[in-house]
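Trainee: In order, the protein sequence lines correspond to chains A and B. Here the numbering used here is used: the first residue of the first sequence is 881, the next is one more, and so on. Here the numbering used here is used: the first residue of the second sequence is 3, the next is one more, and so on. Using N, Cα and C, we set each Cβ at its ideal position, and we do this for glycine too. Just so it is clear, the structure is predicted and the values come from calculations on it, not from any experiment. Just passing along the structure, written as structure tokens.
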Amino acid sequence: MEGSRLLAFIMRRLGTLGVILFGSSFLLYNLAAISGDPLGELRISQDPRAKQIMISLTRELQLDVPPPLRYFLWLRGVLGLFVGNLDLGNTRSGESVATAIASAIPTTVRLVFTASILAMVLGISIGIITALRQYSKFDYAMTFVSFLLFSLPIFWVAVLLKQFMAIEFNNWLSAPTISLTALVSIGVILSLIVSSVAGATGKKNYTIFGSVFAGTVVTLWTLQKINWFLEPGLGPIFFFFACVGIAYGVTQLSVGIANKTALKSSISMAVIALILYYPTRKAFTFDKQGLIVVAMAILTISLAVSVSLVIAKIDKAAIVRTTVIAAFMMGLVRLLDQLMYTWPRFISTDAINYRPVPTVGQANSLLEPGDYWISTLDLLMHLILPTIALTAISFAGYIRFARGTMLEVLNQDYIRTARAKGLSERTVIMRHAFRNTLIPLSTIIVVDFAGIIGGAIITERVFGWKGMGTLFNAAINSFDLNLLMGVFFLTGTLALTANLVADLLYSALDPRIRTGAGA
Amino acid sequence: MSTSREESMQNSEVSLQDIETEGLSQSQIVRKRFFHHRGAMVSIIFLFIIIVTVFTALESKIFGIRIPGWWKYTVEDLPELELGVCDDGLVGCPTLSLVPSFLGGDGIQLGEHPFGQDDIGRDYLALVMRGAQRSLMVTFVIGAMSGVIGTVIGAISGFYRGFIDSVLMRFTDFIITVPTIIIGSVIGFHFGNLGVAFLAFYLGLFGWTGLSRLVRGEFLTLREREFVDAARVAGATNRRIIFKHILPNAVGIIIVSVTLLMSGAILLETALSYLGFGVVAPDVSLGSLISQYQESFTTRPWLFWYPGLFIISIALSINFIGDGLRDAFDPRQRRRITKKDRKNAKVARKALAHK
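Spelled out as structure tokens, the structure:
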């Protein structure tokens, strides 16, 4: 009964989706067609071959058919999708639109994927912290920052990033010394943030401020003294400390530090990570590194599962979950350490020549291929600036939304009940408040993910990436109708499907909402 | 521990708020709350100053009457490139100085070219003012048009429901499907040369979708409320119910989202102009200025800084005004309780106890 109603709902929505897509593509097709002449440039051209090109273009793109009718020719190709023969037409240069899009998608995904994940994780965590510390200095500062980020044009940020994060940073790296003023101001800013988030009052507040400040300044000063910025690395000792920190942190957030079994299981993973430190370094020098990294990820997860199953007697699911998350993060730290270990070799290559952060492009073509770690570093370095720009712009929205939702949830009666029955603050926040905050957030995330495929037009242009945005740009500039419609077909379909998925997800997560009731 | 503190705070907040709003009408409460929002008040004054400065800077024509601007240069003027004022052999750098002379600066003065000159010597202050005029105009036109269209469509579909609702909402979905930047580019690229007002008009035709959904939702809830039933029983027409009973209750949400829509509009306009699809040469907007001069960031950074500062100032103040409005219109919103409030509440409680 329930299933059939859900199916009917989905079918009805898919039907509407088709009608809407038909309508908007018809509108866009005609709007784009009447607004410009694809042969305009050729008409005024002095080139003797112009006439020949015009004739052949007219034949290939069927320009002799009036646009409203030509639309249906295009539609016939698209509807070929259902018989497994999708035809989006050809671009002006004769290439298949489908091929052009297929080759652009990976670039765009690479560009926006990290940025969106970062924006979500950072935005949601900061939003929730600001909600928990409502009206604190941190809350006010973050409100201001998010408004500021809302108001920034991305191309403006991009130019600043190129100047200060790439050119100036590269200059700095040639003689990496931190001036006393910079050292003190970094320390002050960091300790202000930490003490405001900690939310302690009185003497404790000053203690936190002081210790964070001293810690930051001493660490930075030491790092600079040992020339860490040119030869970075964690080494086995600090790697182990980082792993233990992860073990404590993940356990606290996931099941609470009081759960000794979970803590024991995560700490054992940290010990295993330490034991495997040198063997993995050896393994990272073998051929076929891509495969080895994947294999090691699988190995890590399965190790974590088996260790936690051995240690846990009761409540196995929660402990396995905790250990797997912790082990995964330890693996990431291990990769980071390996990248750091490669860093000196990377920046001293001829292609890089001690200027590691590039301002444009998606890869350094001068770099010799073959070394997995060096090309990974190169890829990451090319991603840094666009990722920062995209993250900065989009995470402001998540902060505001997560903060608003969390505040609303914290005012609910069930939170009061949870506190009244004596649950710890951690349980109330992580299990009762946070999970309910995620329901509306999850639907936004789905819609956003679909939107970013076509959404990085400006970023791609500023940083010289060749993805969907570039295709779209080219399509408009050269009146390439088929290409424009191809891009639109993909983004429009994705957006509508994401909306449908978001609705279904919402009803799956929130039992109060019934799918297809009435509507 | 923190729980009990919070709860006692909540109780005192409720009583505080009751005392604060005693004997005031809804609009008085909203106004009072808005005027107490410091960020919003600062922003509204700031934005007002920007608007007045920008629109009176250059000579303008209204109905054929020439009104001279306060700035000596216009966009068309081509003064000589100033040599020798700048350090490092730069040409045409800004003469604006904000450091007073007793602090070792050149004193507070505008100088010949406060924002510097561009590569052919045009006065950059005049260019930025013209650009800001264009951007502000586009922003307000988009805000006004989207506000009207969104409200009308949302109100009709929320109030009448049924078939009209489905048709209008599918129409909204249909407009949403076309990404704003795509439609903006298609329109801007081909109609940009028809002038900035036309561009703004067309963008306004596509910017109302989010607002109409919000208004619809609000109308759907409000039409079920008792006061609407009461009005209907008293014999009010649909028109009267919509305009006199429901719309005043939905006006908060409309104002807030129009404000936020406007701050988005200025970014959309600058983004389109940046891509070359918005305001096109010889006309300038803040976005097209940045786009034109971004290559010269290392040699002439002022060509990049000033338009950007104007975009950020305008968008930031609109955002803060929107935030203040949201706080003012939201009845559930708890304002931060200041020390002064606590003192006032104490006085008020004592006065009550003495009665």
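For Val1135 (chain A) and Ala1142 (chain A), which I take to be in contact (beta-carbon distance under 8 Å), what is that distance rounded to the nearest angstrom?
Mentor: By one-based count along the first sequence, residue 1135 (chain A) stands at place 255. By one-based count along the first sequence, residue 1142 (chain A) stands at place 262. Correct: roughly 5 Å between the Cβ atoms.
Trainee: Under DSSP, the beta strand (DSSP E) around Arg68 (chain B) begins and ends at which residues?
Mentor: Start at 1 with the first residue of the second sequence, and residue 68 (chain B) comes out as number 66. Note, Arg68 (chain B): beta strand (DSSP E), 67 to 69.
Trainee: Give me the Cβ distance between Arg218 (chain B) and Gly156 (chain B), rounded to the nearest whole Å; I'm assuming they're in contact under 8 Å.
Mentor: Your numbering for residue 218 (chain B) matches position 216 in the second sequence. Your numbering for residue 156 (chain B) matches position 154 in the second sequence. About 4 Å separates the two Cβ atoms, so the contact holds.
Trainee: For Ser293 (chain B), which residues from the same chain have a beta carbon less than 6 Å from its beta carbon, with the 5 sequence-adjacent residues on both sides left out?
Mentor: The residue labelled residue 293 (chain B) in the question sits at position 291 within the second sequence. Taken in chain order, the residues that qualify are Tyr276.
Trainee: My understanding is that Ser187 (chain B) touches Thr272 (chain B), with C-beta atoms under 8 Å, so please give their C-beta distance in whole angstroms.
Mentor: One-based indexing of the second sequence puts residue 187 (chain B) at position 185. One-based indexing of the second sequence puts residue 272 (chain B) at position 270. Actually they are not in contact, since the Cβ atoms of Ser187 (chain B) and Thr272 (chain B) sit about 13 Å apart, beyond 8 Å.
Trainee: Leaving aside the five residues before and after Met147 (chain B) along the sequence, list all residues of the same chain whose C-beta is less than 6 Å from its C-beta, in chain order.
Mentor: Against the second sequence, residue 147 (chain B) aligns to sequence position 145. Within the same chain, Met147 (chain B) has close Cβ partners Gly206.
Trainee: Give me the Cβ distance between Val130 (chain B) and Pro309 (chain B), rounded to the nearest whole Å; I'm assuming they're in contact under 8 Å.
Mentor: The residue given as residue 130 (chain B) occupies position 128 in the second sequence. The residue given as residue 309 (chain B) occupies position 307 in the second sequence. Yes, Val130 (chain B) and Pro309 (chain B) are in contact; Cβ-Cβ is about 6 Å, under 8 Å.
Trainee: Tell me whether Ser1182 (chain A) sits in a helix, a strand or coil according to DSSP, three-state version.
Mentor: Within the first sequence, numbered from 1, the residue matching residue 1182 (chain A) stands at position 302. If DSSP states are grouped into helix, strand and coil, Ser1182 (chain A) belongs with the helices.
Trainee: Taking buried to mean at least 16 other C-beta atoms within 10 Å of its own C-beta, is Asp1328 (chain A) buried or exposed?
Mentor: On the first sequence, residue 1328 (chain A) is found 448 positions in, with the first residue counted as 1. Per the 10 Å Cβ criterion, buried.
Trainee: Taking C-beta to C-beta, are Leu907 (chain A) and Val180 (chain B) nearer than 9 Å?
Mentor: In the first sequence, residue 907 (chain A) corresponds to position 27, counting from 1. In the second sequence, residue 180 (chain B) corresponds to position 178, counting from 1. Going by C-beta atoms, Leu907 (chain A) is nearer than 9 Å to Val180 (chain B).
Trainee: Using a Cβ-Cβ cutoff of less than 8 Å, which residues in the same chain neighbour Thr1180 (chain A) once the five nearest sequence positions on both sides are dropped?
Mentor: The residue labelled residue 1180 (chain A) in the question sits at position 300 within the first sequence. Cβ within range, chain order: Ala1207, Phe1208, Met1210, Gly1211.
Trainee: Below 8 Å CB to CB, which residues in the same chain sit around Arg1161 (chain A) once its five sequence neighbours on both sides are set aside?
Mentor: Position 281 of the first sequence holds residue 1161 (chain A). Cβ within range, chain order: Gln1218, Tyr1221.
Trainee: Tyr276 (chain B) versus chain A: which residues are under 8 Å apart at the beta carbon?
Mentor: Here residue 276 (chain B) refers to the residue found at position 274 of the second sequence. Per Cβ cutoff of 8 Å: Pro1033, Phe1035, Ile1338.
Trainee: Using only alpha-carbon positions, find the residue among A:Gly1125, A:Leu886, A:Ala912 that is nearest to Phe1359 (chain A).
Mentor: The count along the first sequence starts at 1 and reaches residue 1359 (chain A) at position 479. Comparing Cα-Cα distances from Phe1359 (chain A) to each of A:Gly1125, A:Leu886, A:Ala912, the minimum goes to A:Ala912.
Trainee: Answer with yes or no whether the minimum CB distance from Thr141 (chain B) to chain A is below 9 Å.
Mentor: Position 139 of the second sequence, counted from the first residue, corresponds to residue 141 (chain B). It does not: the Cβ of Thr141 (chain B) has no partner Cβ on chain A nearer than 9 Å.
Trainee: Just to make sure I have the definition right: I need the residues of chain A whose C-beta is within less than 7 Å of the C-beta of Ser424 (chain B). Which are they?
Mentor: One cannot answer for residue 424 (chain B) here, as it falls past the ends of chain B, which runs 3 to 357.
Trainee: Going by DSSP, what residues sit across from Gln119 (chain B) in a beta bridge?
Mentor: For the purposes of this step, residue 119 (chain B) is taken as residue 117 along the second sequence, with counting starting at 1. Paired residue(s): B:Asp125.
Trainee: Under 8 Å: do the segment 1015 to 1029 of chain A and the segment 1223 to 1237 of chain A share three or more Cβ pairs, one atom per stretch?
Mentor: Cβ pair count under 8 Å is below three, so no.
Trainee: Would you report the Cα separation of Leu305 (chain B) and Phe299 (chain B), rounded to the nearest angstrom?
Mentor: One-based indexing of the second sequence puts residue 305 (chain B) at position 303. One-based indexing of the second sequence puts residue 299 (chain B) at position 297. Distance between the alpha carbons of Leu305 (chain B) and Phe299 (chain B) is about 7 Å.
Trainee: Which chain A residues sit within Cβ distance under 7 Å of Val77 (chain B)?
Mentor: For the purposes of this step, residue 77 (chain B) is identified with residue 75 of the second sequence, where counting begins at 1. Near Val77 (chain B) there are no residues of chain A at all, since even the closest Cβ is about 22 Å away, more than 7 Å.
Trainee: When burial is assigned at 16 or more other CB atoms within 10 Å of the CB, is Tyr951 (chain A) buried or exposed?
Mentor: Locating residue 951 (chain A) in the first sequence gives position 71, where the first residue counts as 1. Result: buried.
Trainee: Determine whether the Cβ of Gly1372 (chain A) lies closer than 9 Å to any Cβ atom of chain B.
Mentor: Working through the first sequence from its first residue, we reach residue 1372 (chain A) at position 492. For Gly1372 (chain A), the answer is yes, since a Cβ of chain B falls inside 9 Å of its Cβ.
Trainee: If the cut-off is 9 Å on Cβ atoms, which residues from the segment 268 to 299 of chain B count as contacting chain A, listed in chain order?
Mentor: If the cut-off is 9 Å between Cβ atoms, the segment 268 to 299 of chain B has Ile268, Leu269, Thr272, Ala273, Tyr276, Leu277, Gly278, Phe279, Leu288, Gly289, Ile292, Ser293, Gln296, Phe299 near chain A.
Trainee: Check Leu1380 (chain A) in the structure and name its three-state DSSP category.
Mentor: By 1-based counting over the first sequence, the position of residue 1380 (chain A) is 500. Here Leu1380 (chain A) sits in helix by DSSP.
Trainee: For the alpha helix (DSSP H) containing Thr300 (chain B), name the first residue and the last one.
Mentor: In the second sequence, counting from the first residue as 1, residue 300 (chain B) sits at position 298. No alpha helix (DSSP H) contains Thr300 (chain B), which DSSP labels as neither H nor E.
Trainee: DSSP three-state call for Asn1244 (chain A): helix, strand or coil?
Mentor: Looking up residue 1244 (chain A) in the first sequence gives position 364. Coil at Asn1244 (chain A), not helix or strand.
Trainee: Is there a Cβ from chain B that is less than 9 Å from the Cβ of Ala1207 (chain A)?
Mentor: The residue you call residue 1207 (chain A) lines up with position 327 of the first sequence. No, no contact with chain B.
Trainee: Answer with buried or exposed for Pro1320 (chain A), where buried requires no fewer than 16 other C-beta atoms within 10 angstroms of its C-beta.
Mentor: In the first sequence, the residue the question calls residue 1320 (chain A) occupies position 440. By the neighbour-count rule (16 or more Cβ atoms within 10 Å), Pro1320 (chain A) is buried.
Trainee: Give me whichever residues DSSP pairs with Ser976 (chain A) in a beta bridge.
Mentor: Within the first sequence, numbered from 1, the residue matching residue 976 (chain A) stands at position 96. Answer by DSSP bridge pairing, in chain order: A:Asn970.
Trainee: Are Thr1165 (chain A) and Ala1184 (chain A) touching if we call contact CB-CB under 9 Å?
Mentor: For the purposes of this step, residue 1165 (chain A) is taken as the residue at position 285 of the first sequence. For the purposes of this step, residue 1184 (chain A) is taken as the residue at position 304 of the first sequence. Contact: no.
Trainee: Of all Cβ atoms in chain B, is any one closer than 9 Å to the Cβ of Phe1018 (chain A)?
Mentor: On the first sequence, position 138 is the one that residue 1018 (chain A) refers to. No, because no Cβ of chain B sits closer than 9 Å to the Cβ of Phe1018 (chain A).
Trainee: Taking the alpha helix (DSSP H) that Thr1203 (chain A) falls in, what are its first and last residues?
Mentor: To locate residue 1203 (chain A), count along the first sequence from 1; it is residue 323. Run containing Thr1203 (chain A): 1196 to 1227, per the alpha helix (DSSP H) assignment.
Trainee: Within 9 Å (strictly less), CB to CB, does Val180 (chain B) reach chain A?
Mentor: Against the second sequence, residue 180 (chain B) aligns to sequence position 178. Yes, Val180 (chain B) lies at the interface with chain A (some Cβ there is under 9 Å from its Cβ).
Trainee: Candidates A:Tyr1252, A:Ala1231, A:Val1237, A:Pro1236: which alpha carbon is nearest Ser1245 (chain A)'s?
Mentor: The residue labelled residue 1245 (chain A) in the question sits at position 365 within the first sequence. Among A:Tyr1252, A:Ala1231, A:Val1237, A:Pro1236, the Cα nearest to that of Ser1245 (chain A) belongs to A:Ala1231.
Trainee: Leu318 (chain B) touches chain A at which residues, Cβ-Cβ below 7 Å?
Mentor: Here residue 318 (chain B) refers to the residue found at position 316 when the second sequence is read from its first residue. The answer, in chain order, is Phe1027, Leu1028, Ser1031.
Trainee: Please confirm if Arg172 (chain B) has its CB atom under 9 Å from at least one CB of chain A.
Mentor: Indexing the second sequence from 1 puts residue 172 (chain B) at position 170. By this cut-off, Arg172 (chain B) is an interface position.
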